[in-house]
Each structure stands twice: as structure tokens, then as C-alpha cells.
Amino acid sequence: MSMCTMFEARSVEEKAMRTFWGYPRPDGRVGVRNHILALATVVCANEVVKAAERRLPELVAITHQHGCAQGGEDLQQTRRTLLHTATHPNVYGAIIVSLGCETMDSERLAEEVAATGKPCVLVGIQEEGGTRAALR
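Heads up: the sequence shown runs through residues 5 to 140, numbered per the numbering used here.
Put into C-alpha cells, the structure is as follows:
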């Protein structure tokens, strides 16, 4: 993980705070937190990301009730929401957890997160051999 660095604000009022402690991101943005997400791509992966968070309290589990049998604009909205959550400046990197049979293109999501310069790993529960194997 990168170290927190002092940044000078670009343009602020004279009396306003001009510097803050933050984490520089590869895309030039700055976060004030340095979270690592365990991000479920589908409701069926929620228990795995919650279990990962219990094992590693440094993780932030992101769960939701979507991703299964979605299509069209509904699916695209879910994908955009997950992408923007994972690429937020307060996020250092993400572990994307998919079940493997959802309509969400988990590989594409992981590639888009990684393209921003953030560390990103994709874990497929079915591909790994089940919940226990995915948590290793």
C-alpha cells in the first residue's frame, strides 16, 4: 500500500485549509481513506465476502442484492455501481468475488478496475472449488 502524503489544494479561499493528508492514486485523484474491498458481483457471493471480512478486518465487504439473472439497463446500472465503488479514490484495491454463473461479466469488471492502476484480484467461487476454497 502507498503511504499517506501531504497534498496542497489546487485553489481554495485564503482562509480555507490548503493541505490535507491523503493517498495518491494512479489516476491523479487523492483519497483520504485506504480501503481494500471484498466486492461481491452477485448476491450469491455475499456470504463469501462477509466471511473474508471477518477473517481480515482490514477488508471492507461490499454486498448487494443484485447480479443474478439481471439483464439490460438494470445489469448495466449494477455493473457501473460496482465499478465506481471499486475505483473510488478512498479505495486502494479490490478483491472481486463472483459465483461464476451470474450474468455480470466479472472478468470485465476486474479488468476495468485494474485498468485504473488499482490492484485487483478476481476470485471465482465455483472456479476455486467452493466457498472454503475461495476463502483460502
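Using N, Cα and C, we set each Cβ at its ideal position, and we do this for glycine too.
- With a contact defined as Cβ atoms closer than 8 Å, residue 139 and residue 59 qualify at about 7 Å.
- Per DSSP, the beta bridge partners of residue 102 are 128.
- Taken atom to atom, the span from the alpha-carbon of residue 9 to that of residue 28 is near 7 Å.
- Boundaries of the beta strand (DSSP E) around residue 41: 39 to 44.
- The shortest C-alpha to C-alpha distance from residue 129 to any of 25, 55 and 26 is the one to 55.
- Shown here for residue 83: same chain residues with a beta carbon closer than 7 Å to its own, the five before and five after excluded, namely 108 and 113 in chain order.
- Counting the other CB atoms within 10 Å of its CB gives residue 45 a total of 16 or more, which places it among the buried residues.
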